[in-house]
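To start, the structure itself, in structure tokens.
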Amino acid sequence: MAERRIPAIGLAAALMLAPTALALAGPDVEQWRTDNGARVLYVHAPEIPLVDARVTFDAGSARDGDHPGSAHLASNLLMSGTSARGPDAIARALERHGADVSTGAERDMAWIKLRSLRDERHLRPVAQTVAAVLRDPAFAADEIERLKRQQRTALDEQEQSPGQIAKRLFWAAAYPGHPYGHHPLGSRDSIAAIERADLRAFHDRYYVAANATVAIVGSLERARARTLAQTLVGDLAQGQPAPALAPTPELDGDRTIRESFPSTQAHVVVGRPAVSRGDTDWPAFYIANHVLGGGGFTSRLFTEVREAEGLVYSVYSHATLMAAAGPFRIGFQTRGDRTERALSIVRAQLSRLLQEGPTDDEIEAAKRNIGGSFPLEIDSNDELVGYLSMMGFYGLRSDYLDYFPEAIDEAGRRAAHRALRERVGSAPRVTVIVGGDRSGQAGP
Numbered sequence: 066m067a068e069r070r071i072p073a074i075g076l077a078a079a080l081m082l083a084p085t086a087l088a089l090a091g092p093d094v095e096q097w098r099t100d101n102g103a104r105v106l107y108v109h110a111p112e113i114p115l116v117d118a119r120v121t122f123d124a125g126s127a128r129d130g131d132h133p134g135s136a137h138l139a140s141n142l143l144m145s146g147t148s149a150r151g152p153d154a155i156a157r158a159l160e161r162h163g164a165d166v167s168t169g170a171e172r173d174m175a176w177i178k179l180r181s182l183r184d185e186r187h188l189r190p191v192a193q194t195v196a197a198v199l200r201d202p203a204f205a206a207d208e209i210e211r212l213k214r215q216q217r218t219a220l221d222e223q224e225q226s227p228g229q230i231a232k233r234l235f236w237a238a239a240y241p242g243h244p245y246g247h248h249p250l251g252s253r254d255s256i257a258a259i260e261r262a263d264l265r266a267f268h269d270r271y272y273v274a275a276n277a278t279v280a281i282v283g284s285l286e287r288a289r290a291r292t293l294a295q296t297l298v299g300d301l302a303q304g305q306p307a308p309a310l311a312p313t314p315e316l317d318g319d320r321t322i323r324e325s326f327p328s329t330q331a332h333v334v335v336g337r338p339a340v341s342r343g344d345t346d347w348p349a350f351y352i353a354n355h356v357l358g359g360g361g362f363t364s365r366l367f368t369e370v371r372e373a374e375g376l377v378y379s380v381y382s383h384a385t386l387m388a389a390a391g392p393f394r395i396g397f398q399t400r401g402d403r404t405e406r407a408l409s410i411v412r413a414q415l416s417r418l419l420q421e422g423p424t425d426d427e428i429e430a431a432k433r434n435i436g437g438s439f440p441l442e443i444d445s446n447d448e449l450v451g452y453l454s455m456m457g458f459y460g461l462r463s464d465y466l467d468y469f470p471e472a473i474d475e476a477g478r479r480a481a482h483r484a485l486r487e488r489v490g491s492a493p494r495v496t497v498i499v500g501g502d503r504s505g506q507a508g509p
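Be aware that the sequence shown starts at 66, since it is given in the numbering used here, and climbs by one per residue.
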């Protein structure tokens, strides 16, 4: 069933109509813990009779240990049956109530999310079904093999994409020996080696209440939201939270990796570990990155590499915030014979910004752009529940939806310059170049 986007309590419209988007308060976020210790974040959104909920676990691929690919496989297997019901019966039960339930996993986290009508005749059985798959996944042998095949197929498909190859090589080189370094899907060999007992052990260790965050947005009063949270995770073992990840390793020096691929376009990624989700300088860093390459058509990289030189169709810079220092990356695609020219301009623009910092005009333009776009990041209940889940998972302050735009508004040129310089500066970087092996004259 296709997922529907539902407006989140008119918040985005209210913010966009205000004299300044940064001046209005965000939604009121309430927090508590379930009886067995799961953190809960809740926003009352009464206008539409729907409920969005998301249960997130510190059970991403960084917890794979000796079995790369297990987090992804365990997450996908949740909806493949319990000891009492098979996958078809679970799908029919959810469809009967018009619910949408899905799972996912990435490096830091794994999750299950649901959307349901608020009426108890629908919401209660949907929540009970989700609780059952969280508590008692069957990990049936035939389902394990079926999803292993899917996982291997996904890996094979990614190896046909120079962009995906570049990402894989970048993560491995930027995070040597760190849990972030291996591919979240694992490898063909590691997937084949995963046993049912490995999945059961992974589930029993990480799918526990003390390792869980529940986020709820919708047309439920607080008392019913408390009941929903308790229904979803109340039967899980209390367990223990996952230990903190090791700090990201220091790179020994600049490294360039070139991978042959039969494509006209070369896919290039440049970057390094830089900033974590809890970094207090993130708003200032965000502004500096917006000036460099995160601001789309107005960024320096786009202006110099795309408009002035015509070397690329698109170029960007981006920071991925994670529990440990996530990567700051610059990426672009260009014709193989133009790779070095484009790369030299990218490096020159980064060096210039690191040395001189952004201008006052660039800072103000970035603030206006961010101020106008931030409300759009929480303009549906689904997006808002994702934000709440992120806030709870990373232990961010409960007023983060107010704090972040205020911090953007208060950050100045010096703060933005310092944040970028301290986290990127002259530190070693990884450069990955994949493809561009075929000659061709069409396009950048």
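Glycine included, each C-beta is placed from N, C-alpha and C at the ideal position.
In this text the structure is predicted, and so the values were computed from the model without any measurement.
Buried versus exposed call for residue i [16 or more other C-beta atoms within 10 Å across all chains shown]
i	result
residue 342	buried
residue 87	No answer about residue 87 holds up, because its pLDDT of 41 lies below 50 and its placement is not dependable.
residue 180	buried
residue 278	buried
residue 98	exposed
residue 117	buried
residue 318	exposed
residue 447	buried
residue 170	buried
residue 163	exposed
residue 345	exposed
residue 287	exposed
residue 433	exposed
Backbone CA spacing between residue i and residue j [nearest angstrom]
i	j	result
residue 401	residue 379	15 Å
residue 104	residue 403	51 Å
residue 197	residue 268	13 Å
residue 214	residue 142	13 Å
residue 399	residue 226	15 Å
residue 113	residue 485	42 Å
residue 471	residue 360	19 Å
residue 133	residue 388	19 Å
residue 190	residue 296	10 Å
residue 493	residue 254	32 Å
residue 290	residue 203	28 Å
residue 96	residue 223	40 Å
residue 382	residue 265	39 Å
residue 149	residue 201	9 Å
residue 442	residue 93	16 Å
residue 247	residue 237	6 Å
residue 417	residue 115	50 Å
Distance between beta carbons of residue j and residue i, contact taken as under 8 Å
i	j	result
residue 136	residue 175	6 Å
residue 353	residue 423	6 Å
residue 102	residue 183	Actually they do not touch by this definition, with Cβ atoms about 26 Å apart.
residue 408	residue 347	About 27 Å; that fails the 8 Å criterion.
residue 336	residue 249	Contact flag wrong, Cβ pair sits at about 18 Å.
N- and C-terminal bounds of the beta strand (DSSP E) containing residue i
i	result
residue 392	391-400
residue 384	380-384
residue 322	320-324
residue 315	Per DSSP, residue 315 belongs to no beta strand (DSSP E) and is neither H nor E.
Run of the alpha helix (DSSP H) containing residue i, from where it starts to where it stops
i	result
residue 451	446-458
residue 420	404-421
inquiry  = Report the start-end ranges of each alpha helix (DSSP H) in the segment 172-221 that is 4 residues or longer and not cut off at the edges.
reply    = 185-200
ask   = Where are the beta strand (DSSP E) runs, 3 residues long or more, that stay fully inside the segment 235-288, in chain order?
value = You should have 277-283.
ask   = Can you give, in chain order, each stretch of the alpha helix (DSSP H) that sits fully within the segment 122-182 and has at least 4 residues?
value = 135-142 and 152-161
inquiry  = Quick check for students: name the residue ranges of the beta strand (DSSP E) that lie wholly in the segment 328-361, counting only runs of 3 or more.
reply    = 330-340
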